[in-house]
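In this note's numbering, the protein residues as written are 160 to 232. We treat Cβ as the ideally placed atom computed from N, Cα and C, and that holds for glycine.
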């Protein structure tokens, strides 16, 4: 009789740990993305200008598509 109770408690604790871990990881990622947003075209343009390059829209589109391809892998 006590064995099944122990098994049920272990399963419940495992499920609670998984759920709690999911929500903690989700909250962490939301705050991380808020502090460090992914690169967009405007950021890419600013980075190229800081490096001394004059960015054309074609070059920015090429770099954005290359970055999106890389993230897709």
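C-beta atoms of residue i and residue j nearer than 8 Å
{"i": "residue 204", "j": "residue 196", "result": "no"}
{"i": "residue 198", "j": "residue 226", "result": "yes"}
Close Cβ partners of residue i (< 7 Å) along its chain, the five nearest in sequence each way excluded
{"i": "residue 223", "result": "200 and 203"}
Closest residue to residue i among the options (Cα-Cα distance)
{"i": "residue 219", "options": "186, 230, 207 and 229", "result": "207"}
>> So within the stretch 174-224, which uninterrupted beta strand (DSSP E) runs reach at least 3 residues, ignoring any that extend past its ends?
In response: none
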